[in-house]
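Start counting the sequence shown at -1; every next residue gets the next number (the numbering used here).
Glycine included, each C-beta is placed from N, C-alpha and C at the ideal position.
Only a predicted model underlies this, so the values are computations on that prediction, with no experimental measurement involved.
Read the structure below first, then the notes.
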Amino acid sequence: MSSTSRKPPFAKPPESSRRAGRPSRSDAEKLRERILAVATELLLHHGYGATSIEAIAGRAGISKRTFYHRFQDKPALMSAVVTRLIDTQRPPAGAPLVEGERIEQMLEHLGSLILHAALNPQVLCLHRLIVAESGRFPDLARAVARAGGRQEAVGLIAGLLLRHGHGAVGTAAQAEFCAQQFLQMIVSLPQLRALGMGAPMSATELDAWVRDTVGLFLGGLRGR
-1 MSSTSRKPPF AKPPESSRRA GRPSRSDAEK LRERILAVAT ELLLHHGYGA
49 TSIEAIAGRA GISKRTFYHR FQDKPALMSA VVTRLIDTQR PPAGAPLVEG
99 ERIEQMLEHL GSLILHAALN PQVLCLHRLI VAESGRFPDL ARAVARAGGR
149 QEAVGLIAGL LLRHGHGAVG TAAQAEFCAQ QFLQMIVSLP QLRALGMGAP
199 MSATELDAWV RDTVGLFLGG LRGR
């Protein structure tokens, strides 16, 4: 055989062979996003118990093996779904979570961001799902607790109180307790009304709710 007919010792594999190997980072991210988008739709519309891994894999056009290569189990998938929902509610990259010169302005801005995220239709569907099914599926509640953004919000609020509370909050434990109460004050009633327990608040009512809640909250702190 002539030397011209021999293949080079390090010849590139055919294109089809390269495509069959490990997917690129971009392709892997697109596949993960497709799985999460399908899982979000099925979980929120059909419930945790009624949504199977088989249904998610089938709708996403993948095998169960491919699914389990990316998610350990259904609770792990639920944690990823919740994290994705939270991430979609964040302000655009570079937009500040804290704005204003005074503590009142800072809490109003942050409280408004938190409240509008809590009233997002998908977040409301998630809330209904947790209330309806966490008793039968305790893994669901634990997955949401691990992935939920509540503790992040509490940390932000507590930090503001420690730095700008003018001595009304003295310790980190006190700041965290007060932040938990503030979060409950801001979100609880508007979310209940959005879930059908009363008429949903208008945009004007929501703005007033945040402003008045901040005033009541800081008034209580200063009177301690």
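* To do: Buried or exposed for tyrosine 46, please, with buried defined as at least 16 other CB atoms from any protein chain shown within 10 angstroms of its CB.
  => By the 10 Å Cβ count, tyrosine 46 comes out buried.
* Of the choices Gly218, Leu75, Leu204, whose alpha-carbon is the least far from that of glycine 109? -> Leu204
* Asked: What does a CB cutoff of less than 7 angstroms around proline 188 pick up in its chain, not counting 5 residues either side in sequence?
  -> Leu113, Leu117, Met199, Leu204, Trp207
* To do: Below 8 angstroms on the Cβ atoms is my guess for methionine 76 versus alanine 141; work out the distance and round it to an integer in Å.
  => 4 angstroms
* DSSP three-state call for histidine 164: helix, strand or coil? -> If DSSP states are grouped into helix, strand and coil, histidine 164 belongs with coil.
* Could you check the C-alpha separation between arginine 32 and serine 186 for me, to the nearest Å? => In a straight line, the C-alpha of arginine 32 is about 32 angstroms away from that of serine 186.
* Going by the beta-carbon positions, is the gap between leucine 193 and leucine 127 smaller than 8 angstroms? -> No, they are not a contact pair.
* Asked: Among the residues of its own chain, which have a CB less than 8 angstroms from the CB of alanine 170, if the five just before and after it don't count?
  -> The answer, listed in chain order, is Ala156, Leu160.
* Asked: If you follow the alpha helix (DSSP H) that threonine 81 is part of, which residue opens it and which one closes it?
  -> 72 to 86
* **chain B within 8 angstroms of alanine 143, Cβ atoms only** => Note that chain B does not occur in the displayed structure, where there is just one protein chain.
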